[in-house]
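As numbered in my numbering, residues 867 to 1078 make up the sequence shown, in order. To keep things clear, I will list the structure first and then write my remarks on it.
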Amino acid sequence: WNKGGAENFRKTVQSVITAKNIPFKTKFHGVMHLLNSSMFLCVFLVAVLSIPMLYIKNSFGHLGWIFEMTSFFIVSTIILFICYWFTYRSIQGSSFDHFVDYIKLFFTFFSVALGFSLHNTVAVLEGHMGKRSEFVRTPKFNINSLTASWKGNKYLTKKLSPNMILEFGLMVYFLFGMYSAIPLNDFGLFPFHLMLFLGFGFVFFKSLTAKA
867 WNKGGAENFR KTVQSVITAK NIPFKTKFHG VMHLLNSSMF LCVFLVAVLS
917 IPMLYIKNSF GHLGWIFEMT SFFIVSTIIL FICYWFTYRS IQGSSFDHFV
967 DYIKLFFTFF SVALGFSLHN TVAVLEGHMG KRSEFVRTPK FNINSLTASW
1017 KGNKYLTKKL SPNMILEFGL MVYFLFGMYS AIPLNDFGLF PFHLMLFLGF
1067 GFVFFKSLTA KA
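Laid out in structure tokens, this is it:
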């Protein structure tokens, strides 16, 4: 889906920008909408650079004001948290217990979404570069009796994909990021690195067990 979003951007953005009968604000909104899936590029880039940034922040004190300014962008996460809360509240209710459940659910969702950022970034880059790939159907195992087996189906592969190896590497990388907070005595990014560690760990181990 994210690759398709990037492909749609390549296909239609020029016609949106050059359209004579569309006001600027509509063009701007249209371009931002077409770039929707491309946000994973930014998410992944911010995640990977966050650990070097942690060390730069603590090595060059005179740059501290820059990092203080960038902390403003946490507002986007707060907005997301609030928007999803209104939806959750309208369905589940607004009691304190429901709010606590929502917090747990939101951070679980956020962690898993971060864990998919590598996979989605690769897909988006392929879409922007115009790389063609086959359409892989949802596996159909043709199980029509109690004795039939799905094992050995051609849809299944035992090999570790390059993405899986990278996801394991990123899990270890963000574990190092969590550790880095201790000697640097800077825990500002610790929650972010924790969610990244859990997210990439979840995606990696789920992919691994699916191949078992």
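All residues carry an ideal CB built from backbone N, CA and C; glycine is no exception.
Cα separation between residue i and residue j?
i	j	result
residue 1051	residue 1040	16 Å
residue 929	residue 935	10 Å
residue 982	residue 1069	7 Å
residue 962	residue 941	23 Å
residue 906	residue 1012	42 Å
residue 986	residue 887	34 Å
residue 880	residue 910	26 Å
residue 926	residue 1048	18 Å
residue 1057	residue 876	35 Å
residue 1027	residue 1076	12 Å
residue 892	residue 994	22 Å
residue 878	residue 1038	39 Å
residue 958	residue 968	9 Å
residue 933	residue 1045	20 Å
residue 947	residue 931	26 Å
residue 937	residue 1009	52 Å
residue 997	residue 988	11 Å
Looking at residue j and residue i, is the spacing between their C-beta atoms short of 9 Å?
i	j	result
residue 874	residue 900	yes
residue 868	residue 990	yes
residue 976	residue 1065	yes
residue 1030	residue 1073	yes
residue 1032	residue 980	no
residue 992	residue 913	no
residue 1055	residue 919	yes
residue 870	residue 904	no
residue 1043	residue 1062	yes
residue 964	residue 950	no
residue 922	residue 1059	no
Run through DSSP, which three-state label would residue i get?
i	result
residue 997	coil
residue 885	coil
residue 867	coil
residue 1012	coil
residue 1073	helix
residue 961	coil
residue 1082	The question about residue 1082 has no answer, for the chain in this structure spans 867 to 1078.
Residue range of the alpha helix (DSSP H) that residue i falls in?
i	result
residue 925	905 to 925
residue 837	Look at the range of the chain in this structure, 867 to 1078, and you will see that residue 837 is not part of it.
residue 982	Per DSSP, residue 982 belongs to no alpha helix (DSSP H) and is neither H nor E.
residue 1025	Premise fails: residue 1025 is in no alpha helix (DSSP H) and is neither H nor E.
residue 890	890 to 900
residue 947	941 to 958
residue 930	930 to 936
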